[in-house]
Amino acid sequence: MLIFELSSKGRRGYKLPELDVERLEPESYLGEYFRESLNFPEVSELDVVRHYTKLSQLNYAIDTTMVPLGSCTMKYNPRINEELASLEEFKNIHPMAPEEYAQGTLKLIYELSELLKRIGRFSAVSLQPAAGAQGELLGLLMILAYHRDRGNTKKRKVLVPDTSHGTNPATASLCGFEVITVRSGEDGELDWADFESKLKDDVACLMITNPNTLGIFERNIKKMAEALHRQDALLYMDGANMNALVGVARPGDWGVDVMHFNLHKTFSTPHGGGGPGGGAVGVSERLEPYLPVPLVVSENGRYKLEWKRPKSVGKLLTFHGHVGVMLRALAYIMSYGDNIERVAQYAVLNANYLKHLLKDLFLDPYKNARRMHEFVLSTQNLLKQGINAMDIAKALLDRGFYAPTVYFPLTVKEALMVEPTETESPQTLERFAQTLREILELVERNPQDIKSSPTRTPVRKIKEAEANRKPILRASWA
77 MLIFELSSKG RRGYKLPELD VERLEPESYL GEYFRESLNF PEVSELDVVR HYTKLSQLNY
137 AIDTTMVPLG SCTMKYNPRI NEELASLEEF KNIHPMAPEE YAQGTLKLIY ELSELLKRIG
197 RFSAVSLQPA AGAQGELLGL LMILAYHRDR GNTKKRKVLV PDTSHGTNPA TASLCGFEVI
257 TVRSGEDGEL DWADFESKLK DDVACLMITN PNTLGIFERN IKKMAEALHR QDALLYMDGA
317 NMNALVGVAR PGDWGVDVMH FNLHKTFSTP HGGGGPGGGA VGVSERLEPY LPVPLVVSEN
377 GRYKLEWKRP KSVGKLLTFH GHVGVMLRAL AYIMSYGDNI ERVAQYAVLN ANYLKHLLKD
437 LFLDPYKNAR RMHEFVLSTQ NLLKQGINAM DIAKALLDRG FYAPTVYFPL TVKEALMVEP
497 TETESPQTLE RFAQTLREIL ELVERNPQDI KSSPTRTPVR KIKEAEANRK PILRASWA
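Under the working numbering, the first residue of the sequence shown carries the number 77, and numbering increases by one thereafter.
In structure tokens:
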């Protein structure tokens with residue numbers, strides 16, 4: 077292609093077409109585009125390929141390094157799932173194709189829904205939500221519809237733990253609820269006395285993550301559901317950490333009324349980068365009438381869209397939804413088959429092994445609590461040397477590892493939130509722990525070296541607050 081030989085003056089094989097710039101609207105994209113010099117460099121195709129290949133190698137990716145982001149499950153996903161998601165029969169089907177021409181896609185949606193029902197022990201599942209946050213939105217909309225349907229207009233409050241993901245209170249507020257924060261106890265679990273004191277007859281639901289963001293299992297979850305139901309309130313479970321439970325425990329058994337699955341975390345999809353997700357929502361019988369339309373149902377071996385649901389909250393996503401994410405999830409579940417509990421077993425084993433390797437390096441605010449798939453440590457013991465959690469995170473970038481989540485949850489000062497996931501080997505975990513040991517040894521000898529990190533990345537250390545308030549969103553080609 078001659079595009080690589082095109083210069084700003086239109087030399088060498090191709091000339092820019094004549095264009096009356098003055099007739100373009102000043103506000104239009106083209107008007108702005110053609111008023112500026114294109115200033116294309118004159119390079120060969122090989123140079124362009126090398127340029128973009130090198131750019132790709134500057135990124136941290138699960139293909140090249142461990143990404144231990146707590147509560148984000150940045151794990152390796154099998155390449156066979158990527159191949160399946162690229163099948164022409166699914167990828168290129170017209171979104172408005174009649175049901176008889178979309179039987180494969182409808183069967184995929186139906187079978188994945190049935191598997192998720194079994195995994196979570198729910199009455200029904202919707203695959204419409206495009207991400208976990210949209211799954212939360214659907215859950216709260218159905219809870220709102222449930223209470224309105226019963227004439228409970230005073231149900232205006234949602235209880236949210238102080239360790240919750242930020243989307244929980246945000247979603248509740250978006251739906252018009254008043255958010256009431258419930259504090260955590262010294263064991264990291266929801267404080268039962270505080271929960272009971274705030275569970276009044278105006279509470280619509282409790283939104284809780286289990287295991288919570290500290291990686292601790294909420295042992296009173298069934299007791300919470302019973303208390304909520306006595307007040308005609310519902311239990312919403314954030315399923316972001318379902319990879320710690322899949323195949324081992326079923327939220328429906330605890331009395332959970334609605335939960336979103338993060339298909340792109342628990343069941344295989346490249347997570348991050350703003351790509352498509354999947355926030356499938358499972359519900360108990362209480363909320364089944366309010367699921368969005370259409371649902372995919374099976375009749376005599378054929379699959380069709382069911383639209384006649386008078387109490388439905390409506391349609392959430394256009395057409396069939398994120399089919400590629402569904403394909404990956406179905407392939408992931410079927411590849412494990414009856415052994416899918418291995419996902420949870422290895423996630424918990426890896427987290428506890430890594431926590432053991434790091435036990436004498438940082439402070440553990442919940443040292444007596446049993447951890448599940450992730451754990452939170454504190455770097456407060458390093459403050460006297462002038463080192464904080466962000467410094468440790470930046471130092472890891474210099475040494476080939478992506479950083480854990482820092483400063484979350486807010487209940488832990490100088491938090492390092494670590495999730496190794498089920499796909500990392502013991503050798504990688506040991507190398508990660510050894511790297512942190514070497515960083516702390518350098519802290520003792522020369523803390524300024526750590527304060528200066530990162531020094532080996534394409535972008536050196538930045539001022540975090542300034543970068544957030546004054547981001548550079550435009551590249552300079554001068």
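Glycine residues also receive a C-beta, built at the ideal position from the N, C-alpha and C atoms.
Sequence-distant residues of its chain with Cβ nearer than 8 Å to residue i (five each side left out)
i: LYS527; result: GLY462, ILE463, ASP467
i: ASN457; result: PHE438, LEU439
i: HIS241; result: SER147, THR285, THR289, ASP314, ALA316
i: GLU272; result: ALA303
Where the alpha helix (DSSP H) through residue i begins and ends
i: THR511; result: 502-521
i: TYR312; result: Not the alpha helix (DSSP H): TYR312 falls in the beta strand (DSSP E), residues 310-315.
i: ILE416; result: No alpha helix (DSSP H) holds ILE416; DSSP gives it neither H nor E.
i: LEU486; result: Run containing LEU486: none; DSSP gives neither H nor E here.
i: ALA137; result: Taken as a continuous stretch (DSSP letters only), ALA137 belongs to no alpha helix (DSSP H), as it is neither H nor E.
i: PHE166; result: 164-167
i: LEU192; result: 179-196
i: LEU549; result: Here LEU549 belongs to no alpha helix (DSSP H), and DSSP marks it neither H nor E.
i: THR129; result: 121-133
i: LYS151; result: No alpha helix (DSSP H) holds LYS151; DSSP gives it neither H nor E.
i: MET466; result: 465-473
Neighbourhood of residue i by C-beta distance below 6 Å, restricted to the same chain and skipping five residues each side
i: GLN210; result: GLY355
i: PRO102; result: Residue placement at PRO102 is flagged as unreliable, the pLDDT there being 49, under the threshold of 50; a coordinate-derived value is accordingly withheld.
i: LYS387; result: PRO365, TYR366
i: GLU254; result: ARG232, LYS233
i: ALA407; result: ASN157, LEU160
Residue i - partner residues in DSSP beta bridges
i: THR345; result: Answer is none; THR345 lacks a bridge partner.
i: THR481; result: MET493
i: SER454; result: LEU439, ALA491
i: LEU145; result: VAL494
i: LEU235; result: ILE256, LEU282
i: ARG447; result: ILE292
Alpha-carbon spacing of residue i relative to residue j, whole angstroms
i: LEU434; j: ALA509; result: 6 Å
i: ARG378; j: VAL401; result: 23 Å
i: ASP414; j: LYS151; result: 21 Å
i: LEU472; j: LEU439; result: 18 Å
i: ILE515; j: GLY476; result: 13 Å
i: ASN376; j: LYS384; result: 19 Å
i: HIS336; j: LEU122; result: 46 Å
i: LEU518; j: GLN524; result: 9 Å
i: SER202; j: VAL357; result: 5 Å
i: GLY180; j: PHE166; result: 8 Å
i: THR141; j: LEU134; result: 12 Å
i: ARG194; j: VAL332; result: 14 Å
i: ARG88; j: VAL119; result: Unreliable placement is indicated for ARG88, whose pLDDT of 43 sits below 50; the coordinate value is still reported in the next sentence. Distance between the alpha carbons of ARG88 and VAL119 is about 12 Å.
i: MET300; j: ASP267; result: 11 Å
i: THR533; j: LEU184; result: 43 Å
i: LEU188; j: ALA206; result: 15 Å
i: ALA161; j: LYS276; result: 47 Å
Same chain only: Cβ atoms within 7 Å of residue i, ignoring 5 sequence neighbours per side
i: LEU321; result: ALA420
i: ALA465; result: THR455, VAL482, TYR483, GLU490, ALA491, LEU492
i: GLU506; result: LEU433
i: GLY215; result: TYR312, VAL334, HIS336, VAL357
Start-to-end residues for the beta strand (DSSP E) that takes in residue i
i: HIS336; result: 334-337
i: PRO245; result: It is not in any beta strand (DSSP E) - PRO245 instead sits in the alpha helix (DSSP H) that spans 243-250.
i: LYS230; result: Here LYS230 belongs to no beta strand (DSSP E), and DSSP marks it neither H nor E.
i: GLU493; result: Going by the sequence as given, residue 493 is Met instead of Glu. Residues 491-494.
i: SER202; result: 200-202
List in chain order: all unbroken alpha helix (DSSP H) runs of 4+ residues lying wholly within the segment 347-428. 399-412
For the segment 253-318, list the alpha helix (DSSP H) runs that are entirely contained and at least 4 residues long, ordered along the chain. 268-274, 297-306
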